[in-house]
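The block underneath contains the structure these notes are about, expressed in structure tokens.
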Amino acid sequence: MRKRLTVIIALSFVISTILGTTGCNVEEDVFPDIVFSSESNETSLSSDYSGQIDNGFHELTVALPVNEETVNLLLKLYYAKNNDLFPSEMNGGDISIEYLNAINTPWVVNTVFTTNNGESTETLQALEDEGILPDIFLAYDMNSLISDGIVQPFDQYLSSDESLLSSGIYLNELEALRYGDSHYGIPFYSSVYLLAGSREYLPDDGVPSYSMSADELHEYIRSIPGINSDGSVYITRFYDADSLTPFLGEDYSLMIANEGLSSVTDSFGADPRVSRTCGMWLMNSAETDTWNTYYPDGLYFTMLPSENINAVVYPLCLSADSDDAEFAADFAAFICYDRDAQMLLRRLESLRGFFPPVSARGVWDEMSADEVFGAQSMLYEQYMPNAVFTVAGD
2 MRKRLTVIIA
12 LSFVISTILG
22 TTGCNVEEDV
32 FPDIVFSSES
42 NETSLSSDYS
52 GQIDNGFHEL
62 TVALPVNEET
72 VNLLLKLYYA
82 KNNDLFPSEM
92 NGGDISIEYL
102 NAINTPWVVN
112 TVFTTNNGES
122 TETLQALEDE
132 GILPDIFLAY
142 DMNSLISDGI
152 VQPFDQYLSS
162 DESLLSSGIY
172 LNELEALRYG
182 DSHYGIPFYS
192 SVYLLAGSRE
202 YLPDDGVPSY
212 SMSADELHEY
222 IRSIPGINSD
232 GSVYITRFYD
242 ADSLTPFLGE
252 DYSLMIANEG
262 LSSVTDSFGA
272 DPRVSRTCGM
282 WLMNSAETDT
292 WNTYYPDGLY
302 FTMLPSENIN
312 AVVYPLCLSA
322 DSDDAEFAAD
332 FAAFICYDRD
342 AQMLLRRLES
352 LRGFFPPVSA
362 RGVWDEMSAD
372 EVFGAQSMLY
382 EQYMPNAVFT
392 VAGD
């Protein structure tokens with residue numbers, strides 16, 4: 002059995018007592034210097050996993066936003082690591098899928114496909130009415146699930162886990178999933194708030210620096226043209242200044258609104274983002290595919306000029322009614338915190354705009370290869386250790 006949360010909780014207590022540019026052309030965004038974590042910090046997350054789960058029959062039902070084949074391959078990888086079947090010279094990014102598929106395991110996993118946001122109380126109740134109740138599931142509004150008695154803490158099952166180095170995970174992300182004295186969730190992935198802009202309405206200076214001060218952002222919004230190039234369509238320079246209030250303060254939001262730079266409707270009363278008459282707006286990276294599809298090859302992204310990176314964490318939760326809670330909890334922790342599991346997961350699934358719960362190099366390399374959001378993902382790697390996390394649904 003693996004020993005995670007004892008180490009994590011102790012270290013997080015110590016940490017909690019201690020913590021209290023210019024524009025560029027259209028073709029290329031200006032990125033700040035990027036400092037990568039050292040390879041030496043991830044050793045315990047690669048090939049050293051050796052659990053003590055018995056090899057008897059286990060059957061789980063999981064609800065995740067990934068394909069059934071992916072879940073089955075993760076289970077086979079989990080079995081391989083428990084039984085010394087994982088080749089030491091390989092990792093989750095290059096291990097043969099054929100090799101994993103050839104592994105016979107007495108363990109069975111049933112898959113329920115869920116949205117990227119996860120399951121709410123209502124959707125879980127609907128599944129229960131159909132006779133399907135997942136043992137572990139991606140959760141939306143974890144606090145409501147706790148209040149309704151639908152989930153149980155992980156601590157009692159993972160308190161003896163020793164396989165995880167705290168330097169390989171984001172403690173503040175895990176602690177966002179604490180409720181009282183217990184952890185009711187394990188981070189599956191997270192998303193960040195940022196700004197998106199339409200390249201159709203770029204000012205003369207082009208795409209802004211990816212990292213701007215609040216004053217520079219204000220000046221940039223001012224410089225977005227008020228009408229399109231042929232003079233026929235009026236542009237909303239920024240959509241909904243109030244959306245900036247939680248991040249930049251009410252005074253900043255009012256300043257943008259009072260200068261006539263912001264609106265929630267276009268000149269015809271429609272959402273200017275939908276009518277494509279919007280210069281810039283606040284978004285969450287979880288929406289990257291949505292807006293990228295709606296604005297094909299027409300978007301740019303830039304960070305919020307706030308003191309902290311503001312992120313949303315989406316947890317895996319453990320059903321209070323699970324018949325095999327110990328096994329389910331260990332499998333959940335493996336999916337989230339084993340480097341090879343995370344590499345395999347991201348090798349098989351896009352998960353564009355969603356960030357991993359581990360700092361392992363290979364996992365972030367899988368993300369940075371994405372042609373749409375790879376460069377942005379690579380940048381956020383250095384900011385995640387100090388990100389401010391809220392729980393999805395809060």
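Quick note on numbering: the sequence shown equals residues 2 to 395 in our numbering. For each residue, glycine too, the CB sits at the ideal point set by N, CA and C. In this text, all values refer to a predicted model and were calculated from it rather than measured experimentally.
Query	Result
Proximal residues to L249 (C-beta, below 8 Å), its chain only, five neighbours per side dropped	A215, L305, P306, S307
The alpha helix (DSSP H) enclosing S224, as first and last residue numbers	215 to 224
Cβ pair A330, L159 closer than 8 Å	yes
Span separating the alpha-carbon of Y221 from that of D241	16 Å
For V110, the nearest candidate out of S148, F58, M256, S97 (CA to CA)	F58
The segment 201 to 218 touching the segment 345 to 364, judged by at least three CB pairs closer than 8 Å	no
Contact set for A321: own chain, Cβ-Cβ below 7 Å, skip 5 residues either direction	G150, I151, V152, Q153
Cβ pair V193, I96 closer than 8 Å	no
Residue from A81, R277, A64 whose Cα sits closest to the Cα of P107	A81
Buried or exposed by the 16-neighbour rule on C-beta atoms within 10 Å, applied to P209	buried
Three or more C-beta pairs below 8 Å linking the segment 367 to 376 and the segment 120 to 129	no
Close beta carbons around I137, own chain, < 8 Å, minus the five adjacent residues each side	L61, V63, A64, L317, C318, L319, S320, S323, A329, A330, F332, A333
A271 classed as buried or exposed, judged by whether at least 16 other C-beta atoms fall within 10 angstroms	exposed
I98, buried or exposed, once every other Cβ within 10 Å from all chains shown has been counted against 16	exposed
Three-state secondary structure (DSSP) of T294	helix
Strand pairing of R179, partner residues [DSSP]	H184
Cβ-Cβ distance between L300 and G198 below 8 Å	yes
Collapsed DSSP secondary structure at Y50 in the structure displayed	Confidence in Y50 is poor, its pLDDT being 44 and thus under 50, which makes the residue's placement unreliable; the coordinate value appears in the next sentence. It is coil, neither helix nor strand.
Exposure of A103, with buried meaning 16 or more beta-carbon neighbours within 10 Å	exposed
Nearest-angstrom Cβ-Cβ length linking L101 and V314, presumed shorter than 8 Å	The pair is not a contact, with the Cβ atoms about 28 Å apart (cut-off 8 Å).
Presumed contact (8 Å Cβ cut-off) between G394 and Y141, rounded CB distance	5 Å
Inter-residue Cα distance where the pair is A388 and G169	15 Å
Minimum length 3: unbroken beta strand (DSSP E) runs contained in the segment 258 to 333	279 to 285, 300 to 304, 311 to 320
Residue environment, Q157, which counts as buried when at least 16 other CB atoms sit within 10 Å	exposed
Per DSSP, the bridge partner or partners of F114	L65
Endpoints, alpha helix (DSSP H) assigned at F239	Taken as a continuous stretch (DSSP letters only), F239 belongs to no alpha helix (DSSP H), being part of the beta strand (DSSP E) at 237 to 240.
Collapsed DSSP secondary structure at Q383 in the structure displayed	coil
Under 8 Å between C-beta atoms of S191 and E176	no
Residue range of the unbroken alpha helix (DSSP H) whose run includes I398	Residue 398 cannot be examined here, being either before or after the span of the chain that is shown, 2 to 395.
Proximity of F155 and C337 at Cβ, strictly below 8 Å	no
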